[in-house]
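In the numbering used here, the protein residues as written are 44 to 385.
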């Protein structure tokens, strides 16, 4: 446990605090039945606690394994840890007060809280960008896992940046200002029907969806590559890392396409559970292209390996025949010499 905590003490401290916050939020859900924007008051801080926990542990591990620029990454990681703590304390505080934290400019105090959050989010994004650049110096066990990590970090950075689409006031807010400037729902006011726990709108577009999916590419793509590596120990078709690398590349392209699709779908005001028109067609097209590309990768690399096997075998045979007498065992060399004399 001490070794894990030593990855990056500030970020791992944040992770430990998020465990505490998670317990607090669960207790809040059980005893406090107030609602904010149509959700239980403690649902939002609970989601943030879990997300920050995962985020902190992931970056702590990455920073600990950097081959160079680790000191620089440690500094940016520490700034990230501070920004995360500021963010979560304000979110939990707003929940305890029974109000919303994001986009709230209804009073001087609420405006100050939102301004502090905006600054912390921006600092967090800049430091994450710098640390993402440093991740490109990190090489893991196989090229497929290394590529998955780098691609996941880039997509996660894009996903984090998509949050800024929520910060502009909507037309309805400008026409009838009620102290809220910004929204995650497109086409409707925040607080309508949503998916259980997640709260994503089931009747309109929701920008939290691409934000969430994009950010967690940092965990999902490397986990996919690791899973392929484990399966490669049992299934010969995945034993070659070139096959796994190709499949990870397909998964990366598919993931990026899904992030783009749900972003434009949200901006169009369409619910994630009721896709239609161009978004429905695009979704099926992405799925079909992913399956076709995965099959192509497996077939191509399998045939390539089968064609290369006889060549490798013939090279090994020729090398064995051409082995010089000096490389033979003493007994073999002595027998050959006696044979020549006879």
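Note that CB positions come from ideal geometry on N, CA and C, so glycine has one too. If you're wondering where the values come from, they're calculated on a predicted model, not measured in any experiment.
In this structure, how does DSSP classify residue i when only helix, strand and coil are distinguished?
i, result
"residue 195", "helix"
"residue 362", "With a pLDDT of only 47 at residue 362, under 50, the local geometry of the prediction cannot be trusted, and the value read off the model is given with reservation. Correct three-state label for residue 362: helix."
"residue 256", "helix"
"residue 237", "strand"
"residue 52", "helix"
"residue 277", "coil"
"residue 108", "coil"
"residue 183", "coil"
"residue 296", "helix"
"residue 317", "coil"
"residue 243", "coil"
"residue 345", "helix"
"residue 283", "coil"
"residue 61", "helix"
"residue 272", "helix"
"residue 92", "helix"
"residue 211", "coil"
"residue 311", "coil"
"residue 142", "coil"
Determine whether the beta carbon atoms of residue i and residue j lie at a separation below 8 angstroms.
i, j, result
"residue 203", "residue 160", "no"
"residue 301", "residue 268", "no"
"residue 177", "residue 109", "yes"
"residue 156", "residue 144", "yes"
"residue 244", "residue 225", "no"
"residue 233", "residue 315", "no"
"residue 223", "residue 152", "no"
"residue 190", "residue 288", "yes"
"residue 263", "residue 326", "no"
"residue 166", "residue 201", "no"
"residue 236", "residue 246", "yes"
"residue 293", "residue 337", "yes"
"residue 80", "residue 71", "no"
"residue 207", "residue 260", "no"
"residue 185", "residue 272", "yes"
"residue 62", "residue 99", "no"
"residue 53", "residue 136", "no"
"residue 242", "residue 82", "yes"
"residue 175", "residue 197", "yes"
"residue 154", "residue 148", "yes"
"residue 339", "residue 322", "no"
Tell me, which residues are paired with residue i by DSSP?
i, result
"residue 229", "248"
"residue 78", "83"
"residue 223", "147"
Going by beta carbon distance, what residues of the same chain come within less than 7 angstroms of residue i, once the five residues before and after it are set aside?
i, result
"residue 117", "51 and 106"
"residue 59", "none"
"residue 318", "308 and 326"
"residue 362", "With a pLDDT of only 47 at residue 362, under 50, the local geometry of the prediction cannot be trusted, and no value is derived from it."
"residue 77", "84 and 141"
"residue 265", "188, 191, 192 and 195"
"residue 312", "229, 230, 247 and 248"
"residue 75", "84 and 85"
"residue 168", "203 and 204"
"residue 68", "85, 88, 89 and 92"
With a CB to CB cut of under 8 angstroms and the five nearest residues on each side skipped, what residues in its chain are close to residue i?
i, result
"residue 65", "89, 92, 93 and 96"
"residue 182", "110 and 189"
"residue 150", "222"
"residue 32", "This structure does not reach residue 32, given that the chain is present from 44 up to 385, and the question cannot be answered."
"residue 46", "none"
"residue 215", "232"
"residue 282", "275 and 276"
Using a Cβ-Cβ cut-off of 6 angstroms (strictly less than) and excluding sequence neighbours within five positions of residue i, which residues of its own chain qualify?
i, result
"residue 187", "268, 284, 287, 288 and 291"
"residue 379", "Interpretation of residue 379 is limited by its pLDDT of 40, a score under 50 that renders its predicted location unreliable; no figure is taken from the coordinates."
"residue 335", "none"
"residue 138", "84, 85 and 88"
"residue 55", "48 and 103"
* Asked: Do the segment 294-309 and the segment 251-268 touch if we need at least three Cβ pairs shorter than 8 angstroms?
  -> With a cut-off of 8 angstroms, the segment 251-268 and the segment 294-309 count as touching, because enough Cβ pairs lie within range.
Notebook entry, point to check: Are the segment 117-137 and the segment 75-92 in contact at 8 angstroms, needing three or more beta carbon pairs?
Noted result: Enough Cβ pairs lie closer than 8 angstroms, so yes.
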